[in-house]
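In terms of our numbering, the sequence shown opens at residue 1 and continues consecutively.
This report concerns only the one structure given below.
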Amino acid sequence: KDTDGNGYGDINGIIEKLDYIKNLGVDYIWLSPCCKSPQNDNGYDISDYITIDPLFGSNEDYEHLIKETNLRGMKIMMDLVLNHTSNEHEWFQKAIKKDFKYYDYYIWRDKPNELKSIFGGSAWTYNEALDKYYFHLFDKTQPDLNWENPEVRKDIYELVNYWIEKGVEGFRLDVITLIGKEPDKLITGHGPKFVEYLQELNENTFTDKLLTVGEGWLSSIENQDKMCTDKGLSQAFHFHRMLINTINGKWHTKPMDLDALCKCCDTWQNEYKGVEALVMNNHDAPRLISRWLNDDKYRKESSKLLITLFALMHGNLYLYQGEEIGMTNAHWDDIKKYNDVETLNIYEELKQEGYDHKTIMEKIMLTSRDNARVPMQWNDSKNAGFSTEKPWLDVVDNYKEVNVEADLASKDSIYKYYQKVLKFRKENYEHIKQKAIFTAQDGVFKMQKPEFTLIANFTDTARPNDIDITKEILFNNYDNAKNMLEPYQVLVVKNL
């Protein structure tokens, strides 16, 4: 929430809503980057690691947030970007002014190779002052740090320890698997020295009290095992589950494939020996309700189906703002409404590949990161109660109906359903930790554990229900349980 009228959510706005978050059943609050940044990539381009961006408040505000969060029995997880900086960071500015020490903080070459930026185009940009190309796996305003340089690593450890001393008790490490890159060999993720760097980071900064989670994207179980150890990270995100309906990159999609979902769940719930970081939604992905299910007529049922499924799998569960009230994709068909640098770049790239405007916008409406980054919808007043001024990004058009105030007043509140499911999860985690059998047939997904069975209809038509509804029903997103499953109905019954 924006409390100072600049159109951006801020730290004091988080403090104002801490009780709302606590009452949901949350233990940690993961904040997107709030260090000083020119905001070319929503804060993932940091220009000063130890100063809070004035857009969001001050260092004193941040320390106050930590204190107020701790008073409510919760902890703060900070999002740190250690793979790259902003090109406005002091280190890069000194580098391009021919300060040799800082020149070696980044990766420079006389000529570019064929490596591409994740945001589109070449991963190399020419700097006229140095007559060299610098490397950036993301936007050209985000030059990659040279982790081979021990001075870089030393400075990083100092800034991590700065925030630990301030009371931060967790870190989400953005694109951390890229720090061991060897661009001359065309190696980007999970490079030969990645684990070595990660263990050195752990040794110089982390303590047993910290929760550390890395962003692994499509890391394999083997790679997850290497980085998630007592000497590395607590856990790591993977997005295999979130991306099962994509083809050749996130911008090309296919219909929901429940067989693929079963296979993915079996791999990560039964074969993986570590702690899975369970994630339905985050700032880098569109809303799962809009991609997998029905965000209109069956919005509430779909929201409840998703949380029931994910909350009854073992691992650490991550929630994203707004999913607890059923927020949806924005569905904007005007490219001018979007702010995200990745979205704007892909629009131009797809246009050059010959796609027409309508087709491109259909892809963007389904997949753009801005679908998740829209302001939180608190009530039906102007700007959804997020700000009294025009927000940095428009609110979703459905905010009059989809907002916290309306949901809490509803007899079939999604928020209250979340509370019930999360309470059950905490009280019954020993049962949830057990291995499961995952099956799917004709649009119906089933997860069977020793203590309970979950069945979910992923379609908008009735489907046969083959579980025994005479047994104790633990969860049901409808008022009734029959021999036919209603559209997007989820049922959980006790086996014993």
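Note that the Cβ used here is the ideal one computed from N, Cα and C, for glycine as well.
Backbone CA spacing between residue i and residue j [nearest angstrom]
i	j	result
Asn270	Gln448	12 angstroms
Asp370	Tyr8	15 angstroms
Lys446	Val26	27 angstroms
Ala436	Met78	33 angstroms
Gly5	Asp266	47 angstroms
Leu278	Phe310	7 angstroms
Tyr338	Leu393	8 angstroms
Trp217	Asn245	15 angstroms
Arg72	Met361	43 angstroms
Met498	Asp296	Here the chain comprises residues numbered 1 to 496, so residue 498 is not present and cannot be evaluated.
Glu401	Pro33	30 angstroms
Ile221	Ser387	43 angstroms
Leu18	Thr69	7 angstroms
Thr80	Phe458	Reading the sequence as shown, one finds Leu at residue 80 and not Thr. Cα to Cα, Leu80 sits roughly 36 angstroms from Phe458.
Asn329	Lys101	46 angstroms
Ile66	Lys132	43 angstroms
Leu159	Phe206	12 angstroms
Thr229	Val213	11 angstroms
Val565	Gln142	Any question about residue 565 goes unanswered here, given that the chain covers just 1 to 496.
Asn398	Asn477	22 angstroms
Leu178	Thr188	6 angstroms
Phe475	Met376	27 angstroms
Pro464	Leu319	31 angstroms
Arg291	Asn12	33 angstroms
Lys209	Phe171	11 angstroms
Asn42	Ser86	11 angstroms
Lys363	Pro150	42 angstroms
Leu76	Ala462	The sequence shown places Ile at residue 76, rather than the Leu named in the question. C-alpha separation (whole angstroms): 43 angstroms.
Ala236	Asn223	10 angstroms
Lys300	Leu55	34 angstroms
Leu201	Tyr157	7 angstroms
Leu306	Leu261	13 angstroms
Glu342	Tyr417	34 angstroms
Pro286	Arg373	9 angstroms
Secondary structure of residue i, DSSP reduced to three states
i	result
Gly73	coil
Asp504	Absent from the model: residue 504. The displayed extent of the chain is 1 to 496, so no value can be given.
Phe194	helix
Pro464	strand
Leu115	coil
Arg172	strand
Ile187	strand
Met376	coil
Leu178	helix
Asp144	strand
Leu485	strand
Asp2	coil
Trp345	Sequence check: residue 345 is Asn here, not Trp. Helix, per DSSP.
Arg153	helix
Asp356	coil
Ile364	helix
Asn339	coil
His240	coil
Val421	helix
Ile15	helix
Asp412	coil
Val498	Outside the shown range of the chain (1 to 496) lies residue 498, about which nothing can therefore be said.
Lys433	coil
Ile21	helix
Glu389	coil
Asn428	coil
Tyr8	coil
Lys166	coil
Leu496	coil
Lys351	helix
Lys471	coil
Cross-strand partners of residue i (DSSP beta bridge)
i	result
Met447	Phe438, Leu454
Asn476	Leu491
Trp124	Phe135
Thr246	Thr253
Arg109	Tyr133
CB contact check: residue i to chain C, cutoff 9 angstroms
i	result
Asp296	Any reference to chain C falls outside this structure, which holds one protein chain only.
| said: Quick check on the DSSP output: what are the complete beta strand (DSSP E) runs of length 3 or more inside the segment 200 to 237, in order along the chain? | reply: Counting whole runs of 3 or more residues, the segment 200 to 237 contains the beta strand (DSSP E) stretches 211 to 215, 235 to 237.
| Can you list, in chain order, the stretches of the beta strand (DSSP E) that have 3 or more residues and sit fully within the segment 23 to 105? | Secondary structure within the segment 23 to 105: the beta strand (DSSP E) runs of 3 or more consecutive residues, fully enclosed, are 28 to 31, 48 to 52, 75 to 81 (chain order).
| In the segment 253 to 336, which residue ranges form an unbroken alpha helix (DSSP H) of at least 4 residues, counting only runs that do not cross its ends? | Fully enclosed alpha helix (DSSP H) runs of 4 or longer: 258 to 266, 288 to 292, 299 to 311.
| task | Evaluate contact between the segment 155 to 171 and the segment 114 to 129, counting only Cβ atoms and requiring at least three cross-stretch pairs below 8 angstroms. | result | No, the segment 155 to 171 does not touch the segment 114 to 129.
| Are three or more beta carbon pairs between the segment 343 to 353 and the segment 406 to 418 nearer than 8 angstroms? | No, because fewer than three Cβ pairs between the segment 343 to 353 and the segment 406 to 418 fall closer than 8 angstroms, the two stretches do not touch.
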